[in-house]
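Each remark here refers to the structure printed beneath this line.
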Amino acid sequence: MNHLPQAWGRPRDDVYGAYDGSYLQSHGPNQHTQQPIVTGTSVIALKFQDGVVIAADNLASYGSLARFTDVKRLRKFAGTSVVGFGGDVSDMQYLDRLLNSLDIEEAYSSSGHSLNAKNLHTYLSKVLYKRRSDFNPLWNQLLVAGLDDDKKPFLASADLLGTTFSAPSLATGFGAHLAQPLLRKVAPDEMAASKLSKEQALAAVKESMKVLFYRDARSLDKYSIAIITADGIDLKEDEKLENQSWAFADQIRGYGTQVN
Amino acid sequence: MAAMFSQNPLMNGPNYSFNQTPTTAAGGNKEHSFYPYTDNGGSTLAISGVDFTIVAGDTRSTSGYNINTRYAPKVFKIGGTTSSQDDATLVLSVVGFAADGEALKERLDAIVKMYRYQHGKPMSVKACAQRLSTILYGKRFFPYYVTAILGGLDEEGKGAIYSYDPVGSYEREQCRAAGAAASLIMPFLDNQVNFKNQYIPGSGEGHALQEREKIPLPRSEVEDLVKDAFDSAVERHIEVGDGLQMMIITKDGIEEIYKPLKRD
Numbered sequence: 001m002n003h004l005p006q007a008w009g010r011p012r013d014d015v016y017g018a019y020d021g022s023y024l025q026s027h028g029p030n031q032h033t034q035q036p037i038v039t040g041t042s043v044i045a046l047k048f049q050d051g052v053v054i055a056a057d058n059l060a061s062y063g064s065l066a067r068f069t070d071v072k073r074l075r076k077f078a079g080t081s082v083v084g085f086g087g088d089v090s091d092m093q094y095l096d097r098l099l100n101s102l103d104i105e106e107a108y109s110s111s112g113h114s115l116n117a118k119n120l121h122t123y124l125s126k127v128l129y130k131r132r133s134d135f136n137p138l139w140n141q142l143l144v145a146g147l148d149d150d151k152k153p154f155l156a157s158a159d160l161l162g163t164t165f166s167a168p169s170l171a172t173g174f175g176a177h178l179a180q181p182l183l184r185k186v187a188p189d190e191m192a193a194s195k196l197s198k199e200q201a202l203a204a205v206k207e208s209m210k211v212l213f214y215r216d217a218r219s220l221d222k223y224s225i226a227i228i229t230a231d232g233i234d235l236k237e238d239e240k241l242e243n244q245s246w247a248f249a250d251q252i253r254g255y256g257t258q259v260n
Numbered sequence: 001m002a003a004m005f006s007q008n009p010l011m012n013g014p015n016y017s018f019n020q021t022p023t024t025a026a027g028g029n030k031e032h033s034f035y036p037y038t039d040n041g042g043s044t045l046a047i048s049g050v051d052f053t054i055v056a057g058d059t060r061s062t063s064g065y066n067i068n069t070r071y072a073p074k075v076f077k078i079g080g081t082t083s084s085q086d087d088a089t090l091v092l093s094v095v096g097f098a099a100d101g102e103a104l105k106e107r108l109d110a111i112v113k114m115y116r117y118q119h120g121k122p123m124s125v126k127a128c129a130q131r132l133s134t135i136l137y138g139k140r141f142f143p144y145y146v147t148a149i150l151g152g153l154d155e156e157g158k159g160a161i162y163s164y165d166p167v168g169s170y171e172r173e174q175c176r177a178a179g180a181a182a183s184l185i186m187p188f189l190d191n192q193v194n195f196k197n198q199y200i201p202g203s204g205e206g207h208a209l210q211e212r213e214k215i216p217l218p219r220s221e222v223e224d225l226v227k228d229a230f231d232s233a234v235e236r237h238i239e240v241g242d243g244l245q246m247m248i249i250t251k252d253g254i255e256e257i258y259k260p261l262k263r264d
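Protein sequence lines, in the order shown, are assigned to chains R and S. Position 23 of the first sequence, counting from 1, maps to 23 under UniProt numbering, and the rest follow consecutively. Position 93 of the second sequence, counting from 1, maps to 93 under UniProt numbering, and the rest follow consecutively.
Okay, structure coming up:
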C-alpha cells in the first residue's frame, strides 16, 4: 500500500495517466463585478392609504447608448410584492432567478406562500450584504413594495452595500435627487402617506416619472408602473408619459444676446 | 484607515464625514472600483447617571447630500427574550456605515440571547462589553465601520457606558458622543457633565482656583442636556437632524422617547 496519504483515492497514474490538475485552477484571477455594464436608471415608489405605487422606465442603457428599450425592471414576487431594480441588468436577472427559485421553494409548504414584502426585503438585503462582504457585489439598488406582517403598506430599499432603509416615499439613483423632493411634498411623513388616496399617489408618481424623463439623460418615456394593495398587484408594463410640456421651447433663442 | 477615525486630530475642526472616505482605491488610477464602505451620517450620545443610563441617537440616514430617510433608528435594545425586546436590559447604539451597524447589532443580539439560553441568566453589561470588543476585533482586517456605544446598569445598579472604536478598543466612561457631530457634542459634555474648566466663584486666582465639585446629574437634567446637545448639533452639522430617539435604562426597564428635530 502506498503510505503517502496524498495519493489515496486518486486514480492510479500507471492506469489513467498523470493527474491533470488544470481542471482545478482557473487561468487568471476570479472576476467579480467591478462596475455595472448594462444599467437601469431610477426606480420610484410611494405609499398610500392601502398600498404602494412603484414605477421604473423600460430602458437598459449601455453607457450613454440607449441600448435596450423594452426591459421590464419591476418584478412580481408571489403575487404579493413587487421588486423594482436599478443598476446592473445582468445582476437584476440573476436576482430575478434567485427570487423565482425562492418562490418555488416556498410553495412546497402546505400553507402556501408565507413571504410578504417585508420578509422578501430582509432576504434580499442579506443576499446583498453577503455579496458585498465577499467583495463580489450585485450592482443594484432596489425597492421592495408590498404589505408587511400587519397588512400595512410596506416600502423599503436595499443596495449593493447592504444598506437598508424605509420611508413613506423612496427613489433610487437620479430619482433620489429629482423625484424624492416631489414625492415628499405629497407625503412628508407616514401619517400623511396613510391618508393619501390611490389616485393622488398615482398622479404624484406619474408626474415624477415625467420630471425624470425631462432631466435624466439615461431615461425613457416608456415605463412600467405597479399598484400593490391587499387585493393583489396591478402591473402595467407598457405605459407612455402624457402631457409633456415642450411648447415654450420655440421662444428660446441663443444663449444670451441673440434676438432672432 | 486614517479615515476611519473621525476624531483624527490632524483635521482641524469638524468636517462632513463623507468627505473623509477615499473616493478612489489607494494607489490605482482605476476609474471605478468597488469600495465596500459608505457613511450614513448621524450622531449618537450616551450619558450615565447614578441609577440610570441614557443612550440617544438622531434618526436621519444620509448618503452624500441626500436624505435616505428621516426615520432610521441607530439605538437598539439588545438581548431580550423575544423579538419585541420588551424585557431587554442593554442598549447598543451604532453610527457610521449603517449596513455594518445592522449586522453588528444582529450578531450581538443573537450572542446575548444565546448567553441567556446557555447560562440561564441575563448577560451583565460588563460581560457584554467584553464580548462586543471581541466581535469587533474578529473583523480586525475588514472592520465593521461603526462607532458603537453600549449602555446598561452595572452589578451595583449604577449607570454604565462602554464606548468602542471600529476594531474593538473599548473603555467604560461617564459620557460619550459618537458619529458625525461627535466633535461638536463631546466638548459640551466635558463642560456640562464633568464640569471641566468650571471653578467655584471667588475661590481665588490662578492655581488657587478650586474646581467645581463633581456631582452626578439627575435624570431630568440629563434628558435636557441630550436634547440641547442634539439641537445644537442639528444647527451646525448637515448630516444630523429629523428626529431624536432616546432610550432610558433604569432598574424598571427601558423607556423609549422620540422627539422631533429640525428637518432642514
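Backbone N, C-alpha and C define an ideal beta-carbon position, used for all residues, glycine too. Nothing here was measured: the structure is a model prediction, and the numbers come from that model.
**OP:** Identify which residue in T82(S), P36(S) and A160(S) has its Cα closest to the Cα of E171(S).
**Re:** On the second sequence, residue 171(S) is found 171 positions in, with the first residue counted as 1. In this structure, A160(S) is the residue among T82(S), P36(S) and A160(S) with its C-alpha nearest to the C-alpha of E171(S).
**OP:** Can you grab the Cα-Cα spacing for the pair L244(S) / K105(S), in whole Å?
**Re:** Taking the first residue of the second sequence as 1, we reach residue 244(S) at position 244. Taking the first residue of the second sequence as 1, we reach residue 105(S) at position 105. Computed Cα separation, rounded: 19 Å.
Original post:
In the stretch 96-130 of chain S, which residues sit with their C-beta less than 9 Å from some C-beta in chain R, listed in chain order?
Top reply: The residues in question are F97, A98, A99, D100, E102 and A103.
**OP:** Assess, as a yes-or-no matter, whether the stretch 50-58 of chain S is touched by the stretch 239-254 of chain S under the definition of 3 or more beta carbon pairs within less than 8 Å.
**Re:** Put simply, the stretch 239-254 of chain S touches the stretch 50-58 of chain S. At least three CB pairs are less than 8 Å apart.
Subject >> Contact set for A181(S): own chain, Cβ-Cβ below 6 Å, skip 5 residues either direction >> reply: Sequence index remark: in the second sequence, residue 181(S) carries index 181 (1-based). Apart from sequence neighbours up to five positions away, the residues of its chain that approach A181(S) with a beta-carbon distance below 6 Å are S43, A233, H237 and V240, ordered along the chain.
**OP:** Taking I47(S) as part of the beta strand (DSSP E), name the residues at either end of that continuous run.
**Re:** Taking the first residue of the second sequence as 1, we reach residue 47(S) at position 47. S43 to S48 is the extent of the beta strand (DSSP E) around I47(S).
Subject >> Residue from R12(R), I37(R) and K47(R) with nearest C-alpha to T229(R) >> reply: Taking the first sequence and counting its residues from 1, the one referred to as residue 229(R) is at position 229. If we check each option's Cα against that of T229(R), K47(R) comes out closest.
Subject >> Reduced DSSP secondary structure (H/G/I, E/B, other) of A72(S) >> reply: For the purposes of this step, residue 72(S) is taken as the residue at position 72 of the second sequence. Looking at A72(S) - three-state DSSP - the assignment turns out to be coil, as it is neither helix nor strand.
Original post:
Are the beta-carbon atoms belonging to V94(S) and V55(S) less than 7 Å from one another?
Top reply: Numbered from its first residue, the second sequence carries residue 94(S) at position 94. Numbered from its first residue, the second sequence carries residue 55(S) at position 55. The answer is no: Cβ separation not under 7 Å.
**OP:** For L220(R), I'd like the list of residues in its chain whose CB is within less than 8 Å of its CB, leaving aside the five on either flank, ordered along the chain.
**Re:** Here residue 220(R) refers to the residue found at position 220 of the first sequence. Once the five neighbours on either side are set aside, the close Cβ partners of L220(R) are D57, N58, L59, A66, T69 and F213.
Original post:
How long is the line joining the alpha carbons of I104(R) and Y162(S), rounded to whole angstroms?
Top reply: Position 104 of the first sequence, counted from the start, is the residue given in the question as residue 104(R). Position 162 of the second sequence, counted from the start, is the residue given in the question as residue 162(S). Each residue's Cα considered, the two are about 46 Å apart.
Original post:
Is the CB of Y129(R) under 7 Å away from at least one CB in chain S?
Top reply: Against the first sequence, residue 129(R) aligns to sequence position 129. Answer yes: the Cβ-Cβ gap between Y129(R) and chain S drops below 7 Å somewhere.
Original post:
From this set, M186(S), R70(S), P166(S) and E213(S), which residue's C-alpha is nearest A46(S)'s C-alpha?
Top reply: On the second sequence, residue 46(S) is found 46 positions in, with the first residue counted as 1. Comparing Cα-Cα distances from A46(S) to each of M186(S), R70(S), P166(S) and E213(S), the minimum goes to M186(S).
**OP:** Identify, in the order they occur along the chain, each residue of the same chain with its Cβ nearer than 8 Å to the Cβ of M1(S), setting aside the five sequence neighbours on each side.
**Re:** Here residue 1(S) refers to the residue found at position 1 of the second sequence. At M1(S), the pLDDT of 42 sits below 50, so the modelled position is not reliable and the matter cannot be decided from this model.
**OP:** In angstroms with no decimal places, state the Cα-to-Cα distance between L217(S) and E155(S).
**Re:** As a working note, residue 217(S) is residue 217 in the second sequence. As a working note, residue 155(S) is residue 155 in the second sequence. Taking the straight line joining both Cα atoms gives about 20 Å.
**OP:** Could you say which of P153(R), L178(R) and Q93(R) lies nearest to L142(R) if we only look at CA atoms?
**Re:** Translated into the one-based positions of the first sequence, residue 142(R) becomes position 142. For L142(R), the nearest C-alpha among the options comes from Q93(R).
Original post:
Of all the options I254(S), G96(S), L189(S) and Q198(S), which has the alpha carbon lying nearest to the alpha carbon of D224(S)?
Top reply: Here residue 224(S) refers to the residue found at position 224 of the second sequence. It is L189(S) whose Cα lies nearest to the Cα of D224(S).
Subject >> Any C-beta of chain S under 7 Å from that of G84(R) >> reply: Within the first sequence, the letter at position 84 stands for residue 84(R). Closer than 7 Å: no.
**OP:** Kindly list, in the order they appear in chain R, the residues whose Cβ is closer than 8 Å to that of R70(S).
**Re:** Taking the first residue of the second sequence as position 1, residue 70(S) is located at position 70. Those within 8 Å of R70(S) in chain R are A167 and D189.
Original post:
Roughly how many angstroms separate the alpha carbons of residue 279(S) and A148(S), rounded to a whole number?
Top reply: In the structure as shown, chain S starts at 1 and stops at 264, and residue 279(S) therefore has no counterpart that could be examined.
**OP:** Measuring only between beta-carbons, confirm whether T38(S) sits less than 7 Å from chain R.
**Re:** Residue mapping note: residue 38(S) aligns to position 38 of the second sequence, counting from 1. Put simply, the CB of T38(S) is near chain R, with a gap under 7 Å to one of its CB atoms.
Original post:
Would a check of beta-carbon distances place Q244(R) closer than 7 Å to chain S?
Top reply: In the first sequence, counting from the first residue as 1, residue 244(R) sits at position 244. By this cut-off, Q244(R) is not an interface position.
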